[in-house]
Amino acid sequence: MNPLNMAIVQFVKLLPKSVVHIFAKKYVAGDTLDDGVRVVKELNAKGIVATIDILGESIKTRGEASETKVQYFELLEVIDKHKLDSNISIKPTALGLAIDVDYCKELVTEIIEKAKSYNNFVRIDMEDSPFTQVTIDIFKELRAKYDNVGIVLQSYLRRTYDDVVDLNKIGTNYRLCKGIYIEPEEIAFKGRQEVRENFLKSLEKMFDDGNYVGIATHDDYLIKESYRMIEEKKIPKNKYEFQMLYGVTEYLRDKINSDGHKIRIYVPYGEHWYAYSIRRLQENPQVAWYIAKSIFSFK
Ligand code: FDA
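Under the numbering used here, think of the first position of the sequence shown as 11, with each following residue one higher.
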């Protein structure tokens, strides 16, 4: 980290939590499940659907992984009780992926079954590249048994198009995004346009083979190109939705909504927002970005 960035990090650490909260709160619903419910109700009132993520800390034990599962059970109950139009997003490492793959699979299975009992859906977020293959393996195993589970692919990864070809064979509900982690050039495209091209190439293949896609981007170029593809290929409304992060490019969100496309907002909540924010800031001192980025990373 360069000296200026280091100084920024040190400075932010000295700020009172309440001040850091000013940055965080735009991207995080709040500390509690009630905050998540409130935000989703507001979105639903505008005709916008949601996916809720519980912000977690880096976990080190099976007990902590199991605690994450219990929190997701409670979340599913509350979504049902309040009749929210929201599914859930889970991160495999919050459910023990880095500790014990089989245990993680067990917990993810339990969450999917619980969601099924509420007629709900589970999106498995994609984390950084050491976890790509194992996440796909878990998804494929679970997809063979359940239809209420979907996965995320990242268009910055060079492997992604091949993964699409493979996952299309089992009929996959995708979220397609660019990817948020810092990955080495050997495995990831670095150019802005290359990442976009791989996004569109992957999207086209997903559509051509009849899959459902959550088009997760705030990039107006990609949104325009997706509109064009949807129109040209006459993709029916029950085969796609747009997705954005809470607090980001709300004008685009509202435009997509008023254009008559389904739009889903990723709503994170949880008490760990501060630790998250500070840790992310140490890695990436661009204040405008770090909190939203932290949502996708535990390490
Ligand atoms: P780009 O980064 O070019 O952003 C386009 C414009 O949008 C920017 O110029 C800026 O104006 C605005 N913008 C975008 N992100 C912003 C932010 N955080 N704060 C402020 N402004 C912002 N990644 C991952 O690796 N695994 C995952 O599971 C997911 N899941 C996921 C779900 C959903 C619903 C979304 C929208 C995104 C993700 N991501 C993710 C993150 C994704 O990979 C990507 O990093 C971000 O969406 C930013 O990429 P864009 O396509 O928006 O383009």
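We put the beta carbon where it would ideally sit given N, CA and C, even for glycine.
On a predicted model such as this, the values are computed, not experimentally measured, just so you know.
Would Ile-275 pass as a contact of Phe-252 if the rule is Cβ separation under 7 Å? Ile-275 is not a Cβ neighbour of Phe-252, given a cutoff of 7 Å.
Beta-carbon separation of Ile-122 and Ile-161 under 7 Å? In this structure, Ile-161 does not lie closer than 7 Å to Ile-122 by Cβ.
Proximity below 7 Å, CB of Leu-152 to CB of Val-144: Contact: no.
Glu-251 - partner residues in DSSP beta bridges: Within the DSSP bridge table, the entry for Glu-251 names Gly-224 as partners.
How would you write the range of the alpha helix (DSSP H) that Arg-274 sits in, first residue to last? Looking at the DSSP string, Arg-274 is not in any alpha helix (DSSP H); the run it does join, the beta strand (DSSP E), is 273-279.
Check whether the Cβ atoms of Leu-213 and Leu-186 lie closer than 7 Å to each other. Their beta carbons are under 7 Å apart, which means Leu-213 touches Leu-186 by this criterion.
Could you pull the DSSP bridge partners for Tyr-184 from this structure? Under DSSP, Tyr-184 forms a beta bridge with Ile-161, Val-223.
8 Å CB neighbourhood of Ile-245 in its chain, flanking five on each side removed: Phe-217, Met-239, listed in sequence order.
Below 7 Å between beta carbons: does that hold for Pro-278 and Val-38? For Pro-278 and Val-38, yes; Cβs fall inside 7 Å.
Would you say Gly-220 touches ligand 1, meaning its beta carbon is less than 6 Å from a heavy atom? Distances from the CB of Gly-220 to the heavy atoms of ligand 1 are all 6 Å or more.
Does the contact criterion of 3 or more C-beta pairs under 8 Å hold for the segment 42-62 versus the segment 103-119? Contact between the segment 42-62 and the segment 103-119 is absent: fewer than 3 CB-CB pairs across the two stretches fall below 8 Å.
For Leu-163, is the classification buried or exposed, using 16 other Cβ atoms within 10 angstroms of its Cβ as the cut-off for buried? With 16 or more Cβ atoms within 10 Å of its Cβ, Leu-163 is classed as buried.
Please determine whether the Cβ atom of Tyr-10 lies at a distance below 6 Å from any heavy atom of ligand 1. What is shown of the chain runs 11 to 309, which leaves residue 10 out entirely.
For a test of your reading of the model: does the CB of Cys-114 fall under 6 Å from any non-hydrogen atom of ligand 2? Yes or no. Looking at this structure, you won't find ligand 2 anywhere; what it does contain is ligand 1.
Rounding to the nearest angstrom, what Cα-Cα distance links Asp-230 and Trp-283 in this structure? For Asp-230 and Trp-283, the distance between alpha carbons rounds to 28 Å.
Boundaries of the beta strand (DSSP E) in which Asn-130 is found, first to last residue: For Asn-130, there is no enclosing beta strand (DSSP E), as DSSP gives it neither H nor E.
Limits of the alpha helix (DSSP H) - the one that Ile-148 falls within: Counted as a single uninterrupted DSSP element, the alpha helix (DSSP H) harbouring Ile-148 occupies residues 142-153.
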